[in-house]
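A.B. asks: Chains as they are written, first to last, in the numbering used here: chain A, 511 to 611; chain B, 35 to 214.
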Amino acid sequence: MEPGLGSYLALSGILFSIGAVGVIYKRNAIGMFMCIELMLNSVNLSFVAFSRHYGDVTGQLFVFVVMSVAAAEAAVGLGIIITFFRNRMSVDVDDASILKN
Amino acid sequence: MLDVLFFILAGFAIACAVSCVYHKNPLYSAISLIGVLLSLACIYLTLAAPFIAIVQILVYAGAIMVLVVFVIMLLNLDEDKPLTRLRYLYPIGGVLGAVLLAQTLFVFYAVTKTPHQASEQGNVIGQTMSIGTAMYTEYLLPVEIVGILLLMAIVGAMIMSRRMREPNLELVEGSKEDGE
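1. Determine contact between the stretch 136–145 of chain B and the stretch 80–98 of chain B, defined as no fewer than three beta-carbon pairs at a distance below 8 Å.
2. Our contact map puts I540/A next to S195/B with C-beta atoms below 8 Å; I'd like the distance itself, whole angstroms only.
3. How many Å lie between V60/B and V133/B at the Cα?
4. Classify K536/A: buried if its beta carbon has 16 or more other beta carbons within 10 angstroms, exposed otherwise.
5. Pop quiz: L67/B and C54/B are said to be a contact at Cβ under 8 Å. What is the actual Cβ separation, rounded to whole angstroms?
6. With 7 Å as the threshold, decide whether the Cβ of R598/A is near any Cβ in chain B.
7. Buried or exposed for M186/B, please, with buried defined as at least 16 other CB atoms from any protein chain shown within 10 angstroms of its CB.
8. Examine the Cβ distances between the stretch 540–553 of chain A and the stretch 516–527 of chain A and report whether three or more of them are shorter than 8 Å.
9. From this set, A49/B, P84/B, F41/B and V105/B, which residue's C-alpha is nearest I165/B's C-alpha?
10. Could you tell me which chain A residues have their CB closer than 7 Å to the CB of M107/B, listed as they occur along the chain?
11. Could you have a look at N538/A and say whether DSSP puts it in helix, strand or coil?
12. Could you name the residues of chain B that I590/A contacts, counting a contact when the two beta carbons are closer than 8 Å?
13. Alpha carbon to alpha carbon, how far is M542/A from L74/B? Give it in angstroms, no decimals.
14. Find out if the Cβ-Cβ distance for the pair Y78/B, I86/B is shorter than 7 Å.
15. Under 6 Å from any heavy atom of the ligand ADP, does the C-beta of A530/A make it?
16. For V102/B, I'd like the list of residues in its chain whose CB is within less than 6 Å of its CB, leaving aside the five on either flank, ordered along the chain.
17. Please confirm if A539/A has its CB atom under 7 Å from at least one CB of chain B.
18. What did DSSP end up calling D602/A once you bin it into helix, strand or coil?
19. Comparing C-alpha positions only, which one of N538/A, A559/A and I534/A sits nearest to S522/A?
20. Considering only residues of the same chain and omitting the five flanking positions on each side of L34/B, which have a CB-CB separation below 7 Å?
21. For T138/B, count neighbouring Cβ atoms within 10 angstroms of its own Cβ and tell me buried if that reaches 16, exposed if not.
22. Can you check which of these residues, G589/A, S517/A and V573/A, is closest to L193/B by C-alpha distance?
23. Return helix, strand or coil for G96/B, following the three-state DSSP convention.
24. Given a limit of 7 Å on CB to CB distance, which residues of the stretch 51–63 of chain B reach chain A?
25. Use the C-beta contact count for F594/A: other C-beta atoms within 10 angstroms, 16 or more gives buried, fewer gives exposed.
26. Kindly provide the ranges of any alpha helix (DSSP H) runs that are 4 or more residues long and lie completely inside the stretch 522–592 of chain A, ordered along the chain.
27. Take V89/B as the anchor and find which of Q570/A, V603/A, D566/A and V533/A has the nearest alpha-carbon.
28. Any Cβ of chain A within less than 7 Å of the Cβ of Y78/B?
29. If we ignore side chains and look at the alpha-carbon of each, how far apart do C50/B and L519/A end up?
30. Relative to the alpha-carbon of F104/B, which residue among Y564/A, A585/A and G532/A has its alpha-carbon at the smallest distance?
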């Protein structure tokens, strides 16, 4: 027997909340990046669940687009992290305070 | 049968997600995140979306996480320092997360209760051919835009991670004099 739409959506919501709490808790830039990936994945899960439920292929195309955006984000975001580490010798987001004063 | 498989995979995904948030060492977090991605790929297979499952493994667990682990290795990160100030913000973050979870579950519950027509089109949806047909006919413009976005990301990443130098003014002036 197949689990209903609600189970997939509940799993998606739980993963999204865990990712959001991780973004709040972590101060390591790479850790925050990975939690953002977790949130993107939970949204992908709800897209695929709706796509299966309604029998429409559009949701899976959105997942494809989200994955491409995540790949672009990984390339640019990790470039930013490397540049930041080169200037500050740290990836702690508390050290990113050059615009503060 | 399928629901037992779903609950096993869902439990594994949630446990790996909690471990990803909990661990201070970024390498442990990355490995836990790979566990989440793989179990989500298996869940996509049970949702009859084999194309998305394979792309999930190739792009996420393959490319992106290899990049992340490579950067962790390159930067030789230590563990997170314990937070000395603003310690009271931890419970506030937990409460915010619980509120967000409640909101999300309420919205999804409302969605599942609305009347709709659940169509059963069988196994055609999610096969690579149907996705490819939709991608290159109805959704051609978004696919092109995604291509341009990826090109911009490549150029941006190359410019960003290049070592910035002081512009060599003498060379520029010298070439200008030569031109004149």
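Idealized CB from N, CA, C, for every residue including glycine.
C.D. replies: Answer, in terms of the structure:
1. Contact between the stretch 136–145 of chain B and the stretch 80–98 of chain B is absent: fewer than 3 CB-CB pairs across the two stretches fall below 8 Å.
2. With a Cβ gap of about 15 Å, I540/A and S195/B do not count as contacting.
3. The sequence given here has Pro at residue 60/B, not Val. Their backbone Cα atoms lie some 27 Å apart in a straight line.
4. With 16 or more Cβ atoms within 10 Å of its Cβ, K536/A is classed as buried.
5. The beta carbons of L67/B and C54/B sit about 5 Å from each other, so the pair counts as a contact at 8 Å.
6. R598/A does not count as touching chain B.
7. The residue in question, M186/B, is exposed, as its Cβ has fewer than 16 Cβ neighbours within 10 Å.
8. Contact between the stretch 540–553 of chain A and the stretch 516–527 of chain A is present, because at least three Cβ pairs lie under 8 Å.
9. The candidate whose alpha carbon is nearest that of I165/B is P84/B.
10. Chain A residues near M107/B: none, gap ~11 Å exceeds 7 Å.
11. DSSP places N538/A in strand when its eight states are reduced to three.
12. Those within 8 Å of I590/A in chain B are M194.
13. M542/A has its alpha-carbon roughly 20 Å from the corresponding atom of L74/B.
14. Yes, they are a contact pair.
15. Looking for the ligand ADP in the displayed structure turns up nothing, as the structure carries no ligands at all.
16. The answer, listed in chain order, is A64.
17. Under the 7 Å criterion on CB atoms, A539/A is classed as non-interfacial with respect to chain B.
18. It is a strand residue.
19. Closest option to S522/A, Cα to Cα, is A559/A.
20. Since the first and last residues shown for chain B are 35 and 214, residue 34/B lies out of range.
21. Buried, because 16 or more other Cβ atoms sit within 10 Å of the Cβ of T138/B.
22. According to the sequence displayed, residue 193/B carries Ile and not Leu. Residue G589/A is the option with its Cα nearest to I193/B.
23. Per DSSP, reduced to three states, the secondary structure at G96/B is helical.
24. Going along the stretch 51–63 of chain B in chain order, one finds A51, V52, C54, V55, P60 and S63 with a Cβ nearer than 7 Å to chain A.
25. Buried, by the Cβ-count rule.
26. Entirely contained in the stretch 522–592 of chain A, the alpha helix (DSSP H) runs reaching 4 residues are, in chain order, 539–564.
27. Taking only the C-alpha atoms, the option nearest V89/B is Q570/A.
28. Yes, contact with chain A.
29. Between C50/B and L519/A, the alpha-carbon positions lie close to 18 Å from each other.
30. Looking at Y564/A, A585/A and G532/A, the one whose alpha-carbon comes closest to that of F104/B is A585/A.
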